[in-house]
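Note that UniProt numbering has the sequence shown beginning at 36, numbered continuously upward.
Positions of the beta carbon are idealized from the N, C-alpha and C atoms, including for glycine.
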Amino acid sequence: RASSSSEKETKKRAKEEEEVPPSVLGPSHATIHSSSVEKETIEVVTDDPREQLKRYQEKYRYSIRHPGAFWAELAYENYSWENRDEFFKHNEHNERENFDARKGDVNVEFFKGAKTNIAYNCLDRNIEKGLGDAPAIIFESDEGFEREKRCETLTYLELKEKSDKLANHLIYVCNVKPGDVVVCYLPMIPEVVVTMMACARIGAVHNVVFAGYSAEALAKRIIDSEAKVLVSAAMSYRGGKAIELFKIVAEAEKICEIQGHRIEERVCHFNLPGSEPHTDWPKEKAEILAAYKQRHGGNEMSPAWTDAPHGIMRPYYGLCLLESFDLALDEQESRPPPVTIWRDAEDPAFILYTSGSTGAPKGVVHVIGGYMVHVGETMKEAFNVKAGDVTFCTADVGWITGHSYLVYGPLLNGCTSILYEGKPDYPNASRLWEICDKYRAKVLYTAPTVIRSLKKQGDEWVTKTKRDSLEILGTVGEPIGESAWTWFHDVVGEGKLPIVDTWWQTETGGHVILSLPNVGEQKPGRCGLPFYGCIPAILDPQTGKELDGPNVEGLLALKPPALPGMFRDIYKNHERYVKSYFQEIDGYYVSGDGARRDEDGQYYITGRVDDVINCSGHRIGTAEVENALARNVFVTEAAVVGIPSEIKGQELFAFCSLREDIQFLKEKAELKSSKYTPEQLIVRDLMDTCAKEIGSFAKPTGGILLLQPGTGIPKTRSGKLVRRVLRKIAKGDLTGDFGDLSAVANPESIQCIIQAKKKAN
Ligand code: WT7
């Protein structure tokens with residue numbers, strides 16, 4: 036392990052400091068100009084950006100010269116640790132990292148030996164400061180669903196009480212021990228925060244699975260993370276629709292069981308509508324009791340549940356079949372709060388699955404201490420927040436943005452976080468702005484895909500709202516591009532608010548490159564400058580060599596020092612961790628994105644350069660969708676590429692080789708329909724397959740091209756799909772000019788596919 040605390044390393048750092056790319060030094064002045072036609076210079080709202088830039092540069096230089104000290108100071112000052120004084124007094128430079136597999140194991144380490152608890156830092160620390168009665172979470176539900184026991188806000192104290200109760204349930208009923216993985220399949224309801232806090236309190240590792248994933252995808256993540264406990268909800272509501280999550284959960288459990296993995300305990304939050312129960316739910320008490328008894332080896336249901344005040348007769352249907360539910364939590368009422376488990380800073384905090392360019396999804400492992408400090412500090416710097424501020428992050432909690440800037444970041448800073456259950460444009464396109472007005476949000480953090488779709492609906496939806504509480508507009512997830520940026524800035528922000536673009540990834544845990552408010556020139560579409568303590572690099576895609584200076588474009592990479600929030604591993608697959616991120620180009624973390632650095636040292640992200648597709652901010656691995664499609668009975672082989680989409684950024688387009696000739700398939704009974712052609716039926720079936728294997732968001736909405744058997748899909752001699760060509764065809768470029776095809780093993784397939792595409796058009 037390479038220790039950066041050694042003198043040599045310090046010297047190297049000092050030397051590196053002189054070599055800080057001139058890029059980060061930026062211009063000596065900075066102005067914010069509106070991107071509207073007049074290009075007028077606008078008075079800066081808060082502070083002089085020139086001063087701000089200078090301050091940034093000084094702090095940045097210090098941070099990369101003394102990363103250990105820089106982060107330790109923040110960790111010591113702003114967070115609670117069980118052994119705070121002893122640890123930080125003696126371990127000023129306590130970070131280690133090695134990005135170069137040739138020099139030993141690739142690893143990142145911060146504050147090892149310091150003991151902390153992230154739930155304590157999110158809740159107790161704020162309560163001690165007098166924020167107990169301040170709202171921690173404001174829940175804004177989807178329209179049209181009146182729910183029983185639905186809370187609108189949770190204060191810091193209430194969030195602690197609720198999560199303590201669940202923590203006790205996890206300990207005493209579910210037998211969860213520190214280090215155990217708890218899968219959380221939950222929609223955007225306060226219980227998801229309660230559950231994450233409960234896990235963190237007792238040292239359990241949460242694995243939140245986005246509730247838009249299918250049963251198959253959920254099962255895969257349960258099995259891979261070896262989870263024995265599952266927390267879910269009965270229902271989910273979005274855009275005026277109710278989704279029966281409990282059915283998906285039951286199906287996932289079945290799949291797990293078939294594959295030899297048993298979930299031992301589950302907690303199911305109600306989240307039921309107050310209105311009449313669904314017609315196919317069992318309604319009679321006797322019916323429910325009998326079903327329970329049958330499912331539980333003849334055991335009777337606990338009287339604590341059957342005699343509950345609300346009565347089991349309400350739509351508690353399948354919940355009792357899922358064994359455990361909210362009512363059970365009431366049994367924890369009399370127990371004292373659980374003991375906070377102080378864990379090592381380097382112990383795992385959570386696993387979050389994300390897609391890579393190849394193979395199965397990866398369980399990204401984040402640790403407690405580094406993640407906490409990184410996310411807490413980036414939240415503060417990016418959004419200028421202090422305790423009591425209201426922040427609104429529209430990301431789903433099932434993604435890293437939700438984890439870091441909807442849950443942990445705001446709570447670590449004593450903020451009030453708005454948790455919005457529904458869709459940005461339901462019931463109409465004013466929804467987000469109305470929520471900002473209703474709760475006086477200071478920060479709105481959203482995604483380009485949301486901005487583009489709301490832009491399309493017209494300015495009036497925005498201009499009829501006030502938005503006067505907003506001070507910062509943030510964006511994340513994909514390149515924003517000039518036109519969405521300009522609309523966000525000019526219309527939503529009325530030309531007055533800084534746009535904070537933030538580039539980062541599930542792997543980095545928190546922001547990496549961003550436009551800190553009022554630091555440097557606001558240019559449409561720019562992403563910004565590196566956060567403190569990290570050094571981005573642009574690499575030549577051919578040679579892997581680092582391209583110095585301004586005005587260069589290539590692969591976006593990071594070199595040491597590491598940010599404390601960087602992921603530490605891929606769950607149970609350290610080899611994949613090292614191989615897919617650090618070995619492509621020795622000494623660098625290669626991000627998978629392309630970027631350009633301009634003359635001011637600002638970065639512009641150009642998008643993924645690998646086989647990952649960013650569709651409406653959902654990160655989808657082409658391989659995953661290809662595997663799903665190839666499991667469909669009609670298909671032998673599939674290739675998936677991304678095509679540009681006005682709203683979604685990218686959309687999936689699939690090429691599918693059919694198993695049998697379409698003429699033959701037409702004869703098949705199941706393809707006979709008066710309304711649809713066999714081709715349409717197959718396409719629909721393929722769409723369903725993607726939804727079933729992964730989730731609705733993985734449907735190739737850009738199109739599916741069916742290829743007759745024998746057509747083939749262009750591949751290199753080593754069997755790699757020639758996506759460059761497929762991408763062109765998918766986009767409709769059928770000129771046949773595909774550049775050098777000498778590496779293609781079956782070039783004749785290209786003409787066949789072009790013909791098929793022409794015919795389909
Ligand atoms: C990928 C990571 C990290 C938050 C949400 C997505 C793209 C992320 C930006 C941005 C351009 C961005 C990249 C990255 N991305 N932020 N500000 N500008 N592209 O997390 O699912 O892990 O996806 O999202 O392509 O690699 P994720």
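Measuring straight from C-alpha to C-alpha, what distance separates residue i and residue j?
i: residue 452; j: residue 172; result: 5 Å
i: residue 263; j: residue 306; result: 23 Å
i: residue 63; j: residue 457; result: Confidence at residue 63 is low in this model, with a pLDDT of 31, below 50, so the placement of that residue should be treated as unreliable; the coordinate-derived value is given next. So the two alpha carbons sit approximately 45 Å from each other.
i: residue 608; j: residue 602; result: 13 Å
i: residue 517; j: residue 752; result: 40 Å
i: residue 698; j: residue 745; result: 14 Å
i: residue 203; j: residue 298; result: 19 Å
i: residue 35; j: residue 135; result: Past the edges of the chain, shown from 36 to 796, lies residue 35, and the structure says nothing about it.
i: residue 606; j: residue 615; result: 13 Å
i: residue 105; j: residue 300; result: 43 Å
i: residue 782; j: residue 772; result: 13 Å
i: residue 727; j: residue 155; result: 39 Å
i: residue 779; j: residue 785; result: 10 Å
i: residue 493; j: residue 559; result: 20 Å
i: residue 450; j: residue 474; result: 13 Å
i: residue 775; j: residue 653; result: 32 Å
i: residue 655; j: residue 733; result: 7 Å
i: residue 645; j: residue 628; result: 7 Å
i: residue 86; j: residue 536; result: 20 Å
i: residue 287; j: residue 552; result: 44 Å
i: residue 803; j: residue 83; result: In the structure as shown, the chain begins at 36 and stops at 796. Residue 803 is therefore absent and cannot be evaluated.
i: residue 586; j: residue 207; result: 59 Å
i: residue 167; j: residue 447; result: 13 Å
i: residue 680; j: residue 686; result: 6 Å
i: residue 373; j: residue 213; result: 13 Å
i: residue 500; j: residue 469; result: 6 Å
Among the options, which residue has its Cα nearest to the Cα of residue i?
i: residue 14; options: 550, 604 and 385; result: Nothing about residue 14 can be read from this structure; the chain reaches only from 36 to 796.
i: residue 747; options: 737, 727 and 673; result: 673
i: residue 459; options: 168, 258, 482 and 441; result: 482
i: residue 690; options: 413, 657, 681 and 700; result: 657
i: residue 664; options: 649, 719 and 709; result: 719
i: residue 504; options: 515, 514 and 528; result: 528
i: residue 857; options: 648, 191 and 131; result: Outside the shown range of the chain (36 to 796) lies residue 857, about which nothing can therefore be said.
i: residue 676; options: 668, 508 and 760; result: 760
i: residue 237; options: 261, 250 and 201; result: 201
i: residue 276; options: 388, 461, 93 and 579; result: 461
i: residue 420; options: 478, 711, 737 and 439; result: 478
i: residue 649; options: 120, 391 and 500; result: 391
i: residue 511; options: 765, 540 and 521; result: 540
i: residue 252; options: 227, 283 and 225; result: 283
i: residue 129; options: 102, 117 and 767; result: 102
Who are the Cβ neighbours of residue i in its own chain at under 7 Å, not counting the five residues just before and after it?
i: residue 731; result: 247
i: residue 403; result: 151, 153, 378, 380, 382 and 384
i: residue 431; result: 223, 245 and 437
i: residue 261; result: 216
Might you give, ordered along the chain, the residues of its own chain that have their beta carbon closer than 8 Å to the beta carbon of residue i, omitting 5 neighbours on each side?
i: residue 255; result: 395 and 396
i: residue 291; result: 254, 257, 258, 297 and 298
i: residue 693; result: 669, 670, 671, 700, 717, 741, 742, 743 and 744
i: residue 205; result: 211, 217, 233, 234, 237, 239, 264 and 302
Spatial neighbours of residue i within its chain, please: C-beta separation below 6 Å, excluding the five flanking residues on both sides.
i: residue 241; result: 217, 219, 231, 234 and 385
i: residue 638; result: 548, 562, 630 and 632
i: residue 762; result: 676
i: residue 271; result: 222, 246, 278 and 280
i: residue 197; result: 229
i: residue 565; result: 548 and 571
i: residue 738; result: 688
i: residue 178; result: 462
Inset, instruction - At 3 residues or longer, and completely inside the UniProt domain "Acetyl-coenzyme A synthetase N-terminal" (91-157): list those beta strand (DSSP E) runs for me, N to C. - result: Unbroken beta strand (DSSP E) stretches of 3 residues or longer found wholly inside the UniProt domain "Acetyl-coenzyme A synthetase N-terminal" (91-157): 131-133 and 142-144, given in chain order.
Legend entry - In chain order, each alpha helix (DSSP H) run of at least 4 residues that lies wholly inside the region 206-251: Entirely contained in the region 206-251, the alpha helix (DSSP H) runs reaching 4 residues are, in chain order, 225-236.
Legend entry - 4-residue-minimum alpha helix (DSSP H) runs that sit fully inside the UniProt domain "AMP-binding enzyme C-terminal" (659-755), ordered along the chain: The qualifying runs are 697-702 and 713-728.
Inset, instruction - Any chance you could list the beta strand (DSSP E) runs of at least 3 consecutive residues sitting entirely within the region 393-448, in chain order? - result: Segments of the beta strand (DSSP E) lying fully in the region 393-448: 397-402 and 425-428.
Legend entry - Complete runs of the beta strand (DSSP E) confined to the region 571-614 [at least 3 residues]: As far as the region 571-614 is concerned, its whole beta strand (DSSP E) runs of at least 3 residues are 587-594.
Inset, instruction - Could you pull out every unbroken alpha helix (DSSP H) segment of at least 4 residues lying fully inside the region 457-499, listed in chain order? - result: Every alpha helix (DSSP H) of 4 residues or more that sits fully in the region 457-499 is shown, in chain order, as 466-474, 483-491 and 495-498.
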